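Novice: This is the structure, below, for whatever I ask next.
Protein chains: 2
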Amino acid sequence: MERQDEPVQRVRRGRGRRPAAEVRAGVLEAAGRLLFTEGIKAVTFERVALTAGSSKMTLYKWWPSAGALAAEAYFARSEQVLEFSDTGDIRADLTRQLRAFVRLLTQDGAGPVIAELIGAAQTDPDLKSAFSREYSMPRRILAIEAMERARGRGQLRDDVDVSMLVDQLWGACYHRLLVPDAPLSESFAGALVANALDGASPRS
Amino acid sequence: MERQDEPVQRVRRGRGRRPAAEVRAGVLEAAGRLLFTEGIKAVTFERVALTAGSSKMTLYKWWPSAGALAAEAYFARSEQVLEFSDTGDIRADLTRQLRAFVRLLTQDGAGPVIAELIGAAQTDPDLKSAFSREYSMPRRILAIEAMERARGRGQLRDDVDVSMLVDQLWGACYHRLLVPDAPLSESFAGALVANALDGASPRS
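These protein sequences, in sequence, are chains A and B. Under the numbering used here, think of the first position of the first sequence as 97, with each following residue one higher. Under the numbering used here, think of the first position of the second sequence as 97, with each following residue one higher.
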């Protein structure tokens with residue numbers, strides 16, 4: 097604990113500061129560790145400052161709420177690859193991407209953390225906008241771009257709203273995560289892609 | 097306030113009790129009013145008991161958490177018709193049902209309340225199971241039954257998992273409610289149904 101408090105002391109004494117980027121990375125790392133081990137309720141400015149050896153004032157300056165800090169920490173920590181692999185086959189690419197997403201939620205411990213973040217966002221507008229800005233919106237845009245390219249190759253119909261497909265695929269997974277009335281599995285991910293492309297009506 | 101406290105007094109004096117069903121209905125009514133006017137944070141055992149003129153002990157006995165009470169109050173209060181109209185045309189019935197759901201979320205004030213309930217459920221296991229038991233699971237089953245009947249009429253393919261369709265339709269709407277990166281509208285609901293039935297692949 098004393099060692100962690102050291103940087104704060106140094107700042108106070110004016111004997112040199114850590115570069116802001118380094119402090120910021122340390123704060124995010126500490127917040128991410130608390131988030132994944134103890135859940136979102138542990139991510140308070142108080143505890144993160146103590147854990148990171150940073151001053152609470154610094155945190156107040158940089159983040160509008162502890163929830164917003166938690167969202168950015170999640171984003172910084174999550175190893176998930178945002179790039180959409182583009183093999184030229186949208187069916188294969190969507191299936192791979194969605195299965196990887198379900199694996200992340202169900203096997204890699206991210207599921208409860210994302211669920212808590214989205215949950216807390218419903219009563220924390222700062223967290224809500226941070227989650228969108230740092231996480232969900234960039235992902236939506238990457239998916240839309242990949243599907244627009246597929247449309248250019250003739251793999252998706254011209255009259256289909258590809259942004260709607262994001263909700264029909266990833267949104268369906270979030271639904272099973274947040275309202276777990278039916279299991280979230282990789283085979284569910286595969287079925288989502290198949291139906292979003294082929295439809296449930298009998299083929300005429 | 098004094099008038100509302102009256103029934104509690106009567107119980108204490110043993111001069112007759114209100115029937116349990118009546119007390120229960122009054123508590124749910126009070127909780128629903130607090131939920132819709134002030135949000136989920138106002139639904140505490142303390143305030144609901146005071147508002148309903150009931151004893152806090154009664155509330156503790158009947159509900160495992162204030163969140164669980166809020167969920168049941170929402171369910172009791174919401175006027176939405178759960179019955180699936182069955183005209184024999186699944187495309188029309190799904191479209192009507194999903195558009196009505198979006199109207200409820202966007203125009204009738206239920207959206208923020210459901211969002212708060214699902215949000216709070218992520219850190220309240222009692223609320224999570226109450227939401228499922230009282231609300232989401234009965235709705236899922238009604239949708240599944242309607243789609244099974246449509247399958248029997250040859251309107252849905254045999255190899256389609258109709259439970260997955262619930263997530264691909266209602267789940268997509270919940271996604272736009274909870275992570276509002278794109279607008280939730282009746283035309284979105286229509287596009288969801290069209291794509292879930294027809295698919296996004298070019299028709300061969």
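A virtual CB, placed ideally from N, CA and C, is assigned to each residue, including glycine. Just so we're clear, the structure is a prediction, and the values are computed from it rather than from any experiment.
Kindly provide the ranges of any alpha helix (DSSP H) runs that are 4 or more residues long and lie completely inside the stretch 152-200 of chain A, ordered along the chain.
Specialist: 152-158 and 162-173
Novice: Give a yes or no on whether the minimum CB-CB distance between A/Ser297 and chain B is below 9 Å.
Specialist: yes
Novice: Output the distance between the C-alpha atoms of A/Asp294 and B/Ala290, rounded to the nearest integer angstrom.
Specialist: 11 Å
Novice: B/Ser281 by DSSP, collapsed to three states: which one?
Specialist: coil
Novice: By Cβ distance, which residues of its chain are closer than 7 Å to B/Ala211, with the 5 residues on each side in sequence left out?
Specialist: Leu273 and Leu274
Novice: If distances are taken between C-alpha atoms only, which option among A/Leu155, A/Ala216 and A/Ala246 comes closest to B/Pro298?
Specialist: Closest option to B/Pro298, Cα to Cα, is A/Ala246.
Novice: Since B/Leu131 is in the alpha helix (DSSP H), which residue starts that stretch and which ends it?
Specialist: Ala116 to Glu134
Novice: Decide if B/Gln218 is buried, meaning its Cβ has at least 16 other Cβ atoms within 10 Å, or exposed.
Specialist: buried
Novice: Express the C-alpha separation of B/Asp182 and B/Leu130 in angstroms, rounding to a whole number.
Specialist: If you draw a straight line from the Cα of B/Leu130 to the Cα of B/Asp182, it comes to about 35 Å.
Novice: Answer with buried or exposed for A/Lys157, where buried requires no fewer than 16 other C-beta atoms within 10 angstroms of its C-beta.
Specialist: Burial call: exposed.
Novice: Compute the distance between the beta-carbons of B/Leu288 and B/Leu265, then report whether it is under 9 Å.
Specialist: yes
Novice: Along the chain, where does the alpha helix (DSSP H) that runs through A/Arg247 open and close?
Specialist: Met233 to Gly248
Novice: Counting only C-beta atoms, is B/Asp294 closer than 9 Å to chain A at any point?
Specialist: yes
Novice: Check whether chain A comes within 9 Å of B/Trp158, counting only Cβ atoms and requiring the distance to be less than that.
Specialist: no
Novice: Quick one: does the C-beta of A/Ala290 sit closer than 8 Å to a heavy atom of the ligand ATP?
Specialist: The ligand ATP is not part of this structure, which contains no ligands at all.
Novice: Determine whether the Cβ of B/Thr191 lies closer than 9 Å to any Cβ atom of chain A.
Specialist: no
Novice: B/Tyr270 versus chain A: which residues are under 8 Å apart at the beta carbon?
Specialist: Gly267, Tyr270, His271, Leu274 and Val275
Novice: Return no unless some Cβ of chain A is closer than 9 Å to the Cβ of B/Asp263.
Specialist: yes
Novice: Skipping 5 residues on each side, what residues in its chain have a beta carbon closer than 6 Å to that of A/Pro160?
Specialist: Asp222
Novice: Is it true that the stretch 149-156 of chain B meets the stretch 191-199 of chain B, where meeting means three or more beta-carbon pairs spaced less than 8 Å apart?
Specialist: no
Novice: For A/Gln264, name the three-state secondary structure that DSSP assigns.
Specialist: helix
Novice: If you drop the 5 nearest sequence neighbours on each side, which residues of the same chain put their C-beta closer than 7 Å to that of B/Leu124?
Specialist: Glu168, Ala169 and Ala172
Novice: Sorted by chain position, which residues of the same chain lie with C-beta nearer than 7 Å to B/Met243's C-beta, five sequence neighbours on each side aside?
Specialist: Ile186, Leu252, Val258 and Leu261
Novice: So that I know if they touch, is there some Cβ in chain B lying closer than 9 Å to that of A/Thr219?
Specialist: yes
Novice: Between A/Ala164, A/Asp263, A/Ser150 and A/Ala145, which has its C-alpha nearest A/Lys224's C-alpha?
Specialist: A/Ala164
Novice: With 16 as the cutoff for other CB atoms within 10 Å, does A/Asp204 come out buried or exposed?
Specialist: exposed
Novice: By the DSSP assignment, the alpha helix (DSSP H) with A/Leu146 in it spans what residues?
Specialist: Phe141 to Ala148 is the span of the alpha helix (DSSP H), which, as asked, contains A/Leu146.
Novice: Measure from the alpha carbon of A/Arg249 to the alpha carbon of each residue in A/Pro208, A/Gly184 and A/Ser283, then state which is nearest.
Specialist: Comparing Cα-Cα distances from A/Arg249 to each of A/Pro208, A/Gly184 and A/Ser283, the minimum goes to A/Gly184.
Novice: For B/Ala292, count neighbouring Cβ atoms within 10 angstroms of its own Cβ and tell me buried if that reaches 16, exposed if not.
Specialist: buried
Novice: Taking only three categories from DSSP, how would you classify A/Ala296?
Specialist: Note: A/Ala296 maps to coil in three-state DSSP.
Novice: Please classify A/Ala285: is it buried, with 16 or more other beta-carbons within 10 angstroms of its beta-carbon, or exposed?
Specialist: A/Ala285 is buried by the Cβ-count criterion.
Novice: Could you check whether B/Ala127 and B/Ala166 sit closer than 9 Å to each other, using their CB atoms as the reference points?
Specialist: yes
Novice: State the Cα-Cα distance for the pair A/Arg114 and A/Ile240, rounded to the nearest angstrom.
Specialist: 40 Å
Novice: Can you find the residues in the same chain that come closer than 7 Å, C-beta to C-beta, to A/Pro208, ignoring five residues on each side of it along the sequence?
Specialist: none
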